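See structure below.
In my numbering, the protein residues as written are 1 to 260.
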C-alpha cells in the first residue's frame, strides 16, 4: 500500500478533550463522527489514500498498514491495549492480515472479550513498569477507562472520579521471556504517562521492534531522547496524520519508510 501523504487543510484543536470523549463514547461510529465534526476536533489530518480506518482511534491503523505494506503474518506487542476491537491499533493486523501477539492492560475486565474475540492475541492484565514484584496502585477512571492510570494526579484525570485498585506489576522483558518472544514487528504503547518506567524494563536492542507507535503526551522530551539514544528515528511523514502518537523505526529503515 503506497500512498501520497500530502496533508489536507483541517482544524486542529485540543486533543485531550476529544480523547476523553472517544474513550468513553458508546455511540455508533456515525454518531461519533458527527459529534467530533460538530466540536471541530481532529486527532489528525484526513488520510489521503482511498482506505478508511475500521477500528483504531484515528489514523493509527492506516499508518501501520502503510509502513508494513499490508504484510501478512507479523508479531505485535500492544502495551495498554484497552478494548479488543473498538479503538484497537492491532485488531486489523490480527483480523485481516493474520498477525498474532501479546496484549497487556491493567484492567482485567478486558480479558473475557479478548478470549472471545482475539484468538491470536494472548491477553495479560499487568501494570507494566520497571520491576516485577509488589502490586501497584492503579486508578480506574469512571466512565473513561482509556484514561485510567497509575498516577491519580495526572493532569487529565486529577479531577475525575476514580476507583483505586491493586494491580500486579511486570516488566516487558519478563513477560516476553515467559512467552518465548524473540522479535517484534510492531509495538504500540499507550499507558497514560507510564512509558519511561515501562521502557526501563524493556530491552529494545534485543527485541528491535520494526515500528513503534507511542503516545507522546507530556513525555515528549523523554521519548525523543530515549529513541534517539537507541538508534531509532521518528518517521516525519506520519506527523500530520496523528497528533497524539509518535512513530519510530530503526534509523536504517526510516529512510525507506519516508520514501514509500
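For glycine and all other residues, C-beta sits at the position ideal for the given N, C-alpha and C.
From a predicted model like this one, the values you see are computed outputs, not experimental measurements.
A straight line joining the alpha-carbon of residue 75 with that of residue 185 spans about 5 Å. Comparing alpha carbon positions, the residue from 131, 114 and 153 closest to residue 201 is 131. Where residue 112 is concerned, the enclosing alpha helix (DSSP H) starts and stops at 111 to 117. In this structure, the CA atom of residue 116 is about 11 Å from the CA atom of residue 123. In the DSSP assignment, residue 188 forms a beta bridge with 78 and 213. Here residue 60 has 53, 89, 188, 213, 242 and 245 as same chain residues with Cβ atoms under 8 Å from its own Cβ, once five neighbours each way along the sequence are excluded.
For residue 136, DSSP records a beta bridge to 167.
Non-local beta-carbon contacts of residue 238 in its own chain, meaning distances under 6 Å to residues more than five positions away in sequence, involve 63 and 247 in chain order. When C-alpha distances from residue 207 are compared across 169, 183, 215 and 106, the shortest belongs to 183.
Three or more pairs of CB atoms, one per stretch, sit closer than 8 Å, so the segment 126 to 143 contacts the segment 99 to 114.
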